[in-house]
Amino acid sequence: MSALKNNNNTDEKKKRRYLSPEKKYQIYLESQRGDVPVGEILRREGIYSTDLNRIRQKVKEGALDYLAARPGAKKKTVSQEEYEALKHELEEKERALADLSVELAVLRKKTNGGSWER
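Residue numbers for the sequence shown, in numbering that gives the first Met the number 0: 0 to 117.
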């Protein structure tokens, strides 16, 4: 009977635990200090050594990205909706400019007898 209960418990899926970036960084710092065995940290936090390796890799990548960044103004990003609205506005202005240049050419021909110079 107890064997059936064990099988039922192992069939249930464990809920995936979400760790915030702050918590991951705290785990990283604690594992780097060396005063507490890594195995104890892993058991206490309920994570595997592969999870800790992944956290260490992300911290390294983040530090390298930050250190590689050049000083100065950062690139500004816009949302997809804003981008599409700006693109549409630019197309409308280009059409209006083309229409105005045609009108200007027609007016110049009428007023100057076809001459472009004044």
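Backbone N, C-alpha and C define an ideal beta-carbon position, used for all residues, glycine too.
As the structure is a prediction and not an experimental result, all values here were calculated from the model.
How would you write the range of the alpha helix (DSSP H) that residue i sits in, first residue to last?
i, result
"leucine 18", "First-last for leucine 18: undefined, no H or E at that position."
"isoleucine 54", "48-67"
"aspartate 34", "Careful: aspartate 34 lies outside any alpha helix (DSSP H) and carries neither H nor E."
"valine 110", "Here residue 110 is threonine; the residue named in the question, valine, does not match the sequence. Residues 79-111."
Among the residues of its own chain, which have a CB less than 8 Å from the CB of residue i, if the five just before and after it don't count?
i, result
"alanine 104", "none"
"valine 77", "Leu85"
With a Cβ-Cβ cutoff of 9 Å, do residue i and residue j count as a contact?
i, j, result
"isoleucine 26", "glutamate 44", "yes"
"arginine 55", "serine 30", "yes"
"tyrosine 24", "valine 58", "yes"
"serine 48", "valine 37", "yes"
Looking only at C-alpha atoms, which of the options sits nearest to residue i?
i, options, result
"leucine 28", "Arg42, Leu51 and Glu93", "Leu51"
"isoleucine 46", "Tyr65, Glu90, Gly33 and Lys22", "Lys22"
Compute every distance between the C-beta of residue i and the non-hydrogen atoms of the ligand GTP, then say whether any falls below 8 Å.
i, result
"leucine 18", "No copy of the ligand GTP appears in this structure; indeed no ligand is present at all."
Excluding sequence positions up to five away, which residues of its chain have a Cβ less than 6 Å from the Cβ of residue i?
i, result
"glutamate 88", "none"
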